[in-house]
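Please read the structure below before turning to the comments.
2 protein chains.
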Amino acid sequence: MNDIKVGLIGFGNIGAGVVKLLRENAELIRGKVGAGIILKRIADRDIVKDRGVVVDPGVLTTDVNDIFDDPEISVVIELVGGYEPAKSFVLKAIEKGKHIVTANKALLALHGEDIYAAAARMNVEVQFEAAVGGGIPVLSAIKGNMAANNFGSVFGIMNGTCNYILTRMTQEGADFSDVLKAAQELGYAEPDPTFDIEGVDTAHKLAILVTLCFGTRIDFNAIHTEGISRISGLDVKFARDFGYRIKLLAIGKLIDGQVEARVHPTMIPLHNPMADVNGVFNAIRLTGDFVGAVMFYGRGAGQDPTASAIVGDLIGLARGMVAGAGRTVAPLGLLDGKVLNLPVKPMADIVSKYMLRFSARDLPGVLGTIASALGNHGISIESMVQTAHDADDNSPVPIVIMTHEAVEGSIQAALTEIDQLDFICEKTSFIRIEDNLE
Amino acid sequence: MNDIKVGLIGFGNIGAGVVKLLRENAELIRGKVGAGIILKRIADRDIVKDRGVVVDPGVLTTDVNDIFDDPEISVVIELVGGYEPAKSFVLKAIEKGKHIVTANKALLALHGEDIYAAAARMNVEVQFEAAVGGGIPVLSAIKGNMAANNFGSVFGIMNGTCNYILTRMTQEGADFSDVLKAAQELGYAEPDPTFDIEGVDTAHKLAILVTLCFGTRIDFNAIHTEGISRISGLDVKFARDFGYRIKLLAIGKLIDGQVEARVHPTMIPLHNPMADVNGVFNAIRLTGDFVGAVMFYGRGAGQDPTASAIVGDLIGLARGMVAGAGRTVAPLGLLDGKVLNLPVKPMADIVSKYMLRFSARDLPGVLGTIASALGNHGISIESMVQTAHDADDNSPVPIVIMTHEAVEGSIQAALTEIDQLDFICEKTSFIRIEDNLE
Chain R
0 MNDIKVGLIG
10 FGNIGAGVVK
20 LLRENAELIR
30 GKVGAGIILK
40 RIADRDIVKD
50 RGVVVDPGVL
60 TTDVNDIFDD
70 PEISVVIELV
80 GGYEPAKSFV
90 LKAIEKGKHI
100 VTANKALLAL
110 HGEDIYAAAA
120 RMNVEVQFEA
130 AVGGGIPVLS
140 AIKGNMAANN
150 FGSVFGIMNG
160 TCNYILTRMT
170 QEGADFSDVL
180 KAAQELGYAE
190 PDPTFDIEGV
200 DTAHKLAILV
210 TLCFGTRIDF
220 NAIHTEGISR
230 ISGLDVKFAR
240 DFGYRIKLLA
250 IGKLIDGQVE
260 ARVHPTMIPL
270 HNPMADVNGV
280 FNAIRLTGDF
290 VGAVMFYGRG
300 AGQDPTASAI
310 VGDLIGLARG
320 MVAGAGRTVA
330 PLGLLDGKVL
340 NLPVKPMADI
350 VSKYMLRFSA
360 RDLPGVLGTI
370 ASALGNHGIS
380 IESMVQTAHD
390 ADDNSPVPIV
400 IMTHEAVEGS
410 IQAALTEIDQ
420 LDFICEKTSF
430 IRIEDNLE
Chain W
0 MNDIKVGLIG
10 FGNIGAGVVK
20 LLRENAELIR
30 GKVGAGIILK
40 RIADRDIVKD
50 RGVVVDPGVL
60 TTDVNDIFDD
70 PEISVVIELV
80 GGYEPAKSFV
90 LKAIEKGKHI
100 VTANKALLAL
110 HGEDIYAAAA
120 RMNVEVQFEA
130 AVGGGIPVLS
140 AIKGNMAANN
150 FGSVFGIMNG
160 TCNYILTRMT
170 QEGADFSDVL
180 KAAQELGYAE
190 PDPTFDIEGV
200 DTAHKLAILV
210 TLCFGTRIDF
220 NAIHTEGISR
230 ISGLDVKFAR
240 DFGYRIKLLA
250 IGKLIDGQVE
260 ARVHPTMIPL
270 HNPMADVNGV
280 FNAIRLTGDF
290 VGAVMFYGRG
300 AGQDPTASAI
310 VGDLIGLARG
320 MVAGAGRTVA
330 PLGLLDGKVL
340 NLPVKPMADI
350 VSKYMLRFSA
360 RDLPGVLGTI
370 ASALGNHGIS
380 IESMVQTAHD
390 ADDNSPVPIV
400 IMTHEAVEGS
410 IQAALTEIDQ
420 LDFICEKTSF
430 IRIEDNLE
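Protein sequences, first through last, are from chains R and W. Sequential numbering of the first sequence, starting at 0, is according to numbering that gives the first Met the number 0. Sequential numbering of the second sequence, starting at 0, is according to numbering that gives the first Met the number 0.
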């Protein structure tokens, strides 16, 4: 069998990792594929900068057409990132009959459908294991060995920046802004961290997971997305007192033909394996109707793990070519035309348990007023903590209430009402609880 | 594309699960494959017994040759279990040019090589995801998306009976024999539990993992195998005091071209996600040179999860057939002829930390004598606990010592020496510690 020739567009940190992996483990890969995987051309606007790996100058080009127009190149790796020109590059490569490997979650979350449709027309594969969970092979598992299942839920801790910040807040009792600053100094958070800490990156990954697990298109804007910037050290402390840890969780559920898709800070029981997913590690947990609960855990980002996923995709494609097959798996693991358009449940309709933290003046009747307001909205209380307070101290007291399952709309209505009361000193904090992670 | 016709040999609990899954999710599977997967014949010695699923009587047969001789059947599922006649059935099916799906870990651990060689000659695939970790798709991941990695280690909690017993011992402070009895009454342990509790089942799974991860043959008898029957409630308690939990762990490592392969009770740090793998759940953790540490967690046994893995294998085979491919992946994910014969490190040469629990009479000089004996064998002490004791109480005291890293041979020599001392009241308990599970 002839070697498989590959073109790479975007020679950044991840691209350099791919170069390194294909070189260092070339013999191992050849022994698993039956052919070599050769990076024939690398295109980038800047081919002068030192990428930390040595590349034959004849491989580098500033003209992507050197990749599109090379009939020997059968697979294109897109590592440009973002929407454009990444989308145009991918569509052009597909049009030229080349298989695609990409790590571009934003592109797939918003424009996946166009790309999959183009791939179907040209009978090429689109592989994107690196788009979710770095090196964790979760997408291959969903499309592959777990494909016999109807999935009911998918949960993910999928952003290293948020998880690093929440882990340090938990371990040190520190506040959000202090830890963010430290994370930025250490390079664990971007100078502008909005995309990570406000949950957008996690929502991109959730969009991909929801589509794969439930076999449905999802409008990215229909995903309710909250970040972690409103979480205080006090929230972390009370969560722990109640036996929980706070994580930025992506939640996808399929209930009665309606999809739930949401990203928000979530309390997870302390003794669940997901509660011990710390720092830059990611975890994704799914439930299928036959396989039951399955969890995947590993490094969710970084040069080497991401390169592992990308080259893993290349190996899968190369094996198919060696075996003489055309496209063996459609991008979503589903035949074209089988993708559904399931409705997304409005956020106001979701059901959850909540931890509510009120900041109130210590006056007679406060607790009764709050409890009545909750009761009027059909919210019942599971437990409550009010911290002791000196009689002559005028500072607000925290009152923390754990609810039974309640409807989100009722919670929001009750909090809007309560937050207008005179004795309430600041906006009430609420954190949703996910108890059913067996 | 024509439907894929499958034959099933062995109509027990798992076989019934496969029937149920192929029926209940038939449309889902068709949408992912582009063809139906049809169970054409089921062979068993007993085709009268109620298996809890309805099957067309024309499907059932007592003659396995009805499967071998049917040219329409392209895949055979072997669920007979054990060595014979399972091995003969598998080889016969391969000889007839049929792909194999099996859950038979004992067969593959001891006779895998013969089977893989036969499959290579006939250019058919052998898939066995269900042999390790029930529904957890770990073998597909090793052979598939993580294939670009050189693996350095693999750890597994892979026996539900042992993990159930150890979990209850931990949660209730109970002793081994009491919990075993309860587990037998609940059906979580076999009437003769030897195979599970002495680690043999775990060792079968480790043999398969070692072969896949390190690309090497391994003599099953070279795997050091200890069970959990010697673990006492006191060991569990002291382990917890030092911040650990005891699990029956399968350990595979590749260090300087030598393989470590061992199954024994092992102390795992409390805050590692593997420490929270409880009851009948399994976990497998690997490290690759690029992907880093990855962990898989899920239900390691049972009708439904095992059926998920088996049908997942069928889907993979069926997709290849629909795409017009021959064999796309060799059984070990490696080309034939690429499997190594790496040496297995003798148990006496392994290096580990240990918890040693001595039972000694409370006499002056006891601790010094023990410490000197350890020191003479080059074993250094990290920490020590001796429980308080009434002066007039003559019962033995437990002395617990945590060692730094030491060579197994030295530990065994030191304990042999110490156990002959007059003041030692019972055989010293030792438990190996695995700290490096980041």
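The beta carbon of each residue, even a glycine, is placed where N, CA and C say it ideally should be. Since the structure is predicted, the reported quantities are computational estimates derived from the model, not experimental observations.
Residues that residue i bridges to, as DSSP identifies them
i, result
"A245(W)", "Strictly speaking, residue 245(W) in this sequence is Ile, with Ala absent from that position. DSSP, once it has assigned bridges, lists M266(W) as partnering I245(W)."
"I430(R)", "M354(R)"
"A300(R)", "A300(R) pairs with nothing; no bridge assigned."
"P397(W)", "S358(W)"
"V5(R)", "L38(R) and V74(R)"
"T101(R)", "E77(R)"
"N346(R)", "It should be pointed out that residue 346(R) corresponds to Met in this sequence rather than to Asn. Paired residue(s): none; M346(R) is not in a bridge."
"V258(W)", "L253(W) and V343(W)"
"N435(W)", "In DSSP, N435(W) forms no bridge with anything."
"T215(R)", "L339(R)"
"E425(W)", "S358(W)"
"T402(R)", "I380(R)"
Endpoints, alpha helix (DSSP H) assigned at residue i
i, result
"T327(R)", "Note, T327(R): premise wrong, no alpha helix (DSSP H); not H, not E."
"A92(R)", "A85 to E94"
"E381(W)", "Taken as a continuous stretch (DSSP letters only), E381(W) belongs to no alpha helix (DSSP H), being part of the beta strand (DSSP E) at I380 to Q385."
"G30(R)", "A25 to V32"
"A238(R)", "G232 to D240"
"F194(R)", "T193 to I196"
Residue i (DSSP reduced to helix, strand or coil)
i, result
"H110(R)", "helix"
"M294(R)", "strand"
"H376(W)", "coil"
"T61(R)", "coil"
"N220(W)", "helix"
"E225(R)", "coil"
"V17(R)", "helix"
"V47(W)", "coil"
"I135(R)", "coil"
"Q419(R)", "coil"
"V53(W)", "coil"
"V125(R)", "strand"
"V209(W)", "helix"
"G364(W)", "coil"
"V276(W)", "coil"
"N12(R)", "helix"
"Y115(W)", "helix"
"T200(R)", "Going by the sequence as given, residue 200(R) is Asp instead of Thr. The answer is helix: DSSP assigns D200(R) an H, G or I state."
"G332(W)", "coil"
"D69(W)", "coil"
Beta strand (DSSP E) segment containing residue i, residue limits
i, result
"F280(R)", "F280 to G287"
Checklist entry - Which residue spans inside the region 142 to 190 of chain W form an unbroken alpha helix (DSSP H) run of at least 4? => result 159 to 171 and 175 to 185
Checklist entry - Which residues, in order along the region 104 to 138 of chain R, keep a beta-carbon less than 7 Å from a beta-carbon of chain W? => result E128, G134, I135 and P136
Item to check | Positions along the region 171 to 203 of chain W whose CB lies within less than 8 Å of some CB in chain R | outcome: Those residues of the region 171 to 203 of chain W that come within reach of chain R (Cβ to Cβ, closer than 8 Å) do not exist; the list is empty.
Checklist entry - Got a sec: which bits of the region 291 to 309 of chain R sit with their beta carbon under 7 Å from any beta carbon on chain W, in order along the chain? => result G291, A292, V293, M294, F295, Y296, G297, R298, D303, P304, A306, S307 and A308
Next on the checklist: By the 7 Å beta-carbon criterion, what residues does the region 320 to 347 of chain R contribute toward chain W?
Outcome noted: A322, G323, A324, G325, R326, T327, V328, G332, L333, L334 and K337
Next on the checklist: Short of 9 Å Cβ to Cβ, which residues in the region 12 to 31 of chain R face chain W?
Outcome noted: G16, K19, L20, L21, E23, N24, L27, I28, R29, G30 and K31
Next on the checklist: Using a Cβ-Cβ cutoff of 8 Å, what residues of the region 82 to 101 of chain W are near chain R? List them in chain order.
Outcome noted: none
Item to check | Positions along the region 141 to 159 of chain W whose CB lies within less than 7 Å of some CB in chain R | outcome: G143, N144, M145, A146, A147, N148 and N149
Item to check | Residues of the region 53 to 69 of chain R with Cβ closer than 8 Å to any Cβ of chain W, in chain order | outcome: none
Next on the checklist: Residues of the region 273 to 288 of chain W in Cβ contact with chain R at a cutoff of 7 Å, in chain order, please.
Outcome noted: D275, V276 and G287
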